[in-house]
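Novice: This is the structure I want to talk about, given as structure tokens.
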Amino acid sequence: MKICFVMTNIFSLGGVQRVVSVLSNELIKEHEIDILCISEKPKGNNNLYNLNHKINVEFNNSLNKTNILSKIFRKIIKDVNRKTGILNKETHYKKLINLYFPNKVRKKFAEYLNKKQYDVIIGVEGLYSILLGSIKESLNSKVLGWQHNSYNAYLKNPNRYYWNLDTLFNKYIYKLDKYVVLTNHDKIIYKNKKDIDCDVIYNPLSFESNEKSTCSKKNILFVGRLEERQKGIDLLIQAFSKVCLKNKDWILKIVGDGSDKEKLEQLIEGLKLTERVKIKPPTNNIKEYYLDSSIFVSSSRWEGFGLVITEAMECGLPVVAFANSGPREIITRNYENGILVPCEDVDSLANAMLDLINNEEKRNKISKLAIERAKDFSLSKISEAWNDIFNALI
2 MKICFVMTNI
12 FSLGGVQRVV
22 SVLSNELIKE
32 HEIDILCISE
42 KPKGNNNLYN
52 LNHKINVEFN
62 NSLNKTNILS
72 KIFRKIIKDV
82 NRKTGILNKE
92 THYKKLINLY
102 FPNKVRKKFA
112 EYLNKKQYDV
122 IIGVEGLYSI
132 LLGSIKESLN
142 SKVLGWQHNS
152 YNAYLKNPNR
162 YYWNLDTLFN
172 KYIYKLDKYV
182 VLTNHDKIIY
192 KNKKDIDCDV
202 IYNPLSFESN
212 EKSTCSKKNI
222 LFVGRLEERQ
232 KGIDLLIQAF
242 SKVCLKNKDW
252 ILKIVGDGSD
262 KEKLEQLIEG
272 LKLTERVKIK
282 PPTNNIKEYY
292 LDSSIFVSSS
302 RWEGFGLVIT
312 EAMECGLPVV
322 AFANSGPREI
332 ITRNYENGIL
342 VPCEDVDSLA
352 NAMLDLINNE
362 EKRNKISKLA
372 IERAKDFSLS
382 KISEAWNDIF
392 NALI
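This is the structure we're talking about:
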């Protein structure tokens, strides 16, 4: 089959980019894979996720280009709608879709995609899923949407994603041939709230590791974008400061980069933790950090899945996480393969870390259960699930 992923940029830093790269590298074994990026080709490291050279990556920001006056006007109205929801009504959905993808833009996308003669086109994240739904009747391909965060993060968070765009989800997601979400929790919500049937496919592990952590190093690990609001790194640092009051040995390593790096460094300095908290740059070999750690912490205020959680488990790390929808899908009572604490509860997060620090036997027990749970996210299982969808559609 000839398959195309439509997204903003495959080479930027983030979990979405890593997942698309890993899945594409597996699917290219059986299919022809294109990745259409609606942006300019970035400078710098364009091999961050070791994308297979057989995969055709095209950067084409002309498809979404309009004249400067239109762009400015649409941005102003989008900002007004985000704040007020004035267009987030069924009667105004055509006006709303034109703010994001004007008629001429939608026509250009349809002509471009039909010319390529794809069997399947996948919209990566919400907006490109909406776009494909809006031009579905003009396309000669099967079209899928692929959600990369939770329903609540997408539609119930005033600060991010698709706030006040419910009407576009209502009108266009149901037109897709399939809509893929990351958790059974979201599948249920979409059915109950919007009467949309979804398929659940987990994010695949980006690597397998025969070597496992001994859970004996005095290192706690966080991996992710340095964006304080979503990833809750401020909460993690505050919790770790409480850990430091009762423990003098363990180190917190934060691996990543992002817009809040300087702010987080100031927080670390203000709490006098510069000797105990280390921020490390992103790396192509993140597995080394997992293997050199004994506890992994996910402090996100919201998380659609938690790829780094499954990676940590694959390396045998016990995980402590806030109990939002993604971690709840991975860490379950049936498996007892990690520790969930109430969302944004700094004291509970600190106590869970201390519990594992002070109890080597518990660390080792959870480590073994985590390794077993990680098998459910193997690349072979996840690619098989995607292939089942493709085969059912074609």
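At the far end of the sequence shown sits residue 395, using the numbering used here, and the numbering has no gaps.
Where a beta carbon is used, it is the ideal one built from N, C-alpha and C, also for glycine.
For Asn204, collect the residues of the same chain with a Cβ closer than 6 Å to its Cβ; drop the 5 residues on either side in sequence, then sort them by chain order.
Specialist: For Asn204, where only same-chain residues beyond five positions count, the Cβ hits under 6 Å are Val20, Phe306 and Leu308.
Novice: Which residue or residues does DSSP assign as beta-bridge partners of Ile340?
Specialist: Val321
Novice: Can the beta-carbon of Ile383 be found less than 8 Å from the beta-carbon of Ile202?
Specialist: yes
Novice: Give me the Cα-Cα distance between His93 and Asn65, rounded to the nearest whole angstrom.
Specialist: Spanning the two alpha carbons is a distance of roughly 22 Å.
Novice: Should Val298 and Val321 be called a contact, given that it needs their Cβ atoms to be closer than 8 Å?
Specialist: yes
Novice: Start and end of the beta strand (DSSP E) containing Asn33?
Specialist: Residue 33 is actually Glu in this sequence, not Asn. Glu33 to Cys38 is the extent of the beta strand (DSSP E) around Glu33.
Novice: DSSP puts Asn220 in a beta bridge; with which residues?
Specialist: Ile252
Novice: Tell me, which residues are paired with Tyr129 by DSSP?
Specialist: Under DSSP, Tyr129 shares a beta bridge with no residue.
Novice: For the putative contact between Leu140 and Ile122, defined by C-beta atoms under 8 Å, what is the C-beta separation to the nearest angstrom?
Specialist: 7 Å
Novice: So the alpha helix (DSSP H) Cys245 belongs to, where does it begin and stop?
Specialist: DSSP places Cys245 in the uninterrupted alpha helix (DSSP H) bounded by Ile234 to Lys247.
Novice: With a 10 Å radius around its C-beta and 16 neighbouring C-beta atoms as the bar for buried, classify Gln118 as buried or exposed.
Specialist: With fewer than 16 other beta carbons inside 10 angstroms of its own, Gln118 counts as exposed.
Novice: According to DSSP, what are the bridge partners of Leu145?
Specialist: Ile123 and Lys179
Novice: Excluding five sequence neighbours on each side, which residues of the same chain lie with their C-beta closer than 6 Å to the C-beta of Lys105?
Specialist: none
Novice: Taking contact to mean at least 3 C-beta pairs separated by less than 8 Å, is the stretch 286 to 294 in contact with the stretch 264 to 271?
Specialist: The stretch 286 to 294, when compared against the stretch 264 to 271, does not touch it at the 8 Å Cβ threshold.
Novice: Decide if Ser135 is buried, meaning its Cβ has at least 16 other Cβ atoms within 10 Å, or exposed.
Specialist: buried
Novice: Roughly how many whole angstroms lie between the Cα atoms of Asn165 and Gly127?
Specialist: Their backbone Cα atoms lie some 13 Å apart in a straight line.
Novice: According to the neighbour-count rule (16 or more other Cβ atoms, all chains shown, within 10 Å of its Cβ), is Thr168 buried or exposed?
Specialist: buried
Novice: Would you list the one or two residues that DSSP bridges to Asn57?
Specialist: Asp35
Novice: Taking only the alpha-carbon atoms, compute the straight-line gap between Gly15 and Asp258 and give it to the nearest angstrom.
Specialist: 10 Å
Novice: Within the continuous beta strand (DSSP E) that includes Val326, where are the two ends?
Specialist: This sequence places Ser at residue 326; Val is not what is there. Counting along the chain, Ser326 sits inside no beta strand (DSSP E); it lies in the alpha helix (DSSP H) bounded by residues Ser326 to Ile331.
Novice: With a CB to CB cut of under 7 Å and the five nearest residues on each side skipped, what residues in its chain are close to Ala111?
Specialist: Ile136, Ser139 and Leu140
Novice: Just to confirm before moving on: does the CB-CB distance between Asp1 and Lys179 stay below 8 Å?
Specialist: With the chain covering only 2 through 395, there is no way to say anything about residue 1.
Novice: Give the DSSP-derived three-state secondary structure of Asp196 in the structure shown.
Specialist: coil
Novice: Please state whether the Cβ-Cβ distance between Lys247 and Leu355 is less than 8 Å.
Specialist: yes
Novice: Under a Cβ-count criterion, where at least 16 other Cβ atoms within 10 Å of its own Cβ denotes burial, should Glu263 be classed as buried or exposed?
Specialist: By the 10 Å Cβ count, Glu263 comes out exposed.
Novice: May I ask you to list the residues that DSSP assigns as paired with Ser299?
Specialist: Ala322
Novice: So the alpha helix (DSSP H) Phe74 belongs to, where does it begin and stop?
Specialist: In this chain, the alpha helix (DSSP H) harbouring Phe74 covers Ile69 to Thr85.
Novice: Looking at the strands, I want to know which residues DSSP matches up with Met8.
Specialist: Looking at the DSSP assignment, Met8 forms a beta bridge with Cys38.
Novice: Out of curiosity, what's the CA-to-CA distance linking Leu114 and Phe6?
Specialist: Going by the C-alpha atoms only, they are around 11 Å apart.
Novice: Here's the rule: buried if 16 or more other CB atoms are within 10 angstroms of the residue's CB, otherwise exposed. What is His54?
Specialist: exposed
Novice: According to the Cβ coordinates, are Ser326 and Asp187 closer than 8 Å?
Specialist: yes
Novice: Starting from Ile395, trace the alpha helix (DSSP H) both ways and give me its first and last residue.
Specialist: Neither: Ile395 is in no alpha helix (DSSP H) and is coded neither H nor E.
Novice: Secondary structure at Ile1, three-state DSSP: helix, strand or coil?
Specialist: Given a span of 2 to 395 for the chain in the structure shown, any question on residue 1 remains unanswerable.
Novice: Would you call Asp348 buried or exposed, if buried means 16 or more other Cβ atoms sit within 10 Å of its Cβ?
Specialist: exposed
Novice: Among Pro159, Tyr175, Asp120 and Arg161, which residue has its Cα nearest to the Cα of Gly146?
Specialist: Tyr175
Novice: Between the C-alpha atoms of Ser411 and Leu380, what's the straight-line distance to the nearest angstrom?
Specialist: With the chain represented from 2 up to 395, any question about residue 411 goes unanswered, as that position is not in the structure.
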